[in-house]
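Inspection log for the structure reproduced underneath, given as structure tokens.
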Amino acid sequence: MWLAYNSRLVSFIKSNREQCLLVTQKALFNGAPVLSSLNKLGNFNLDESAPLPLARSLINDKASLNVSFVTEPSLRKELDDTWKALIEFADDESVS
Numbered sequence: 608m609w610l611a612y613n614s615r616l617v618s619f620i621k622s623n624r625e626q627c628l629l630v631t632q633k634a635l636f637n638g639a640p641v642l643s644s645l646n647k648l649g650n651f652n653l654d655e656s657a658p659l660p661l662a663r664s665l666i667n668d669k670a671s672l673n674v675s676f677v678t679e680p681s682l683r684k685e686l687d688d689t690w691k692a693l694i695e696f697a698d699d700e701s702v703s
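Last residue of the sequence shown: 703 in the numbering used here, with the numbers rising by one and none dropped.
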């Protein structure tokens, strides 16, 4: 399910890059200027001084299961490639 969803997300971002903002969980909790980026991206007028409604207790950088032990090598490569593509899109300087 993760692979199907995120593969489509990568395809959508590739086709609509100028309309997309992909932000990692870590960037959110490290204070990425998400509201500012959204204002620029969508010509919104969001209050950039508003705190993001995120609880630090929700951050989790660990997976509950290491998928490298349970996947075929070809599936593992597809998972890794999709993950890398998502991270590359999220590393856009607009949220750095």
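We treat Cβ as the ideally placed atom computed from N, Cα and C, and that holds for glycine. Fair warning: this is a prediction, and the values are worked out from it, not measured in the lab.
In the structure shown, Lys-647 falls within a helical segment according to DSSP collapsed to helix, strand and coil. Collapsing the DSSP output to three states places Thr-678 in coil. For Ile-620 against Leu-610, the beta-carbon gap comes to about 16 Å, at or over 8 Å, which does not count as contact. By the 16-neighbour rule on beta-carbons within 10 angstroms, Ala-639 is buried. Here DSSP, grouped into helix, strand and coil, assigns Val-617 to helix. The Cβ-Cβ distance between Thr-631 and Ala-697 falls below 8 Å.
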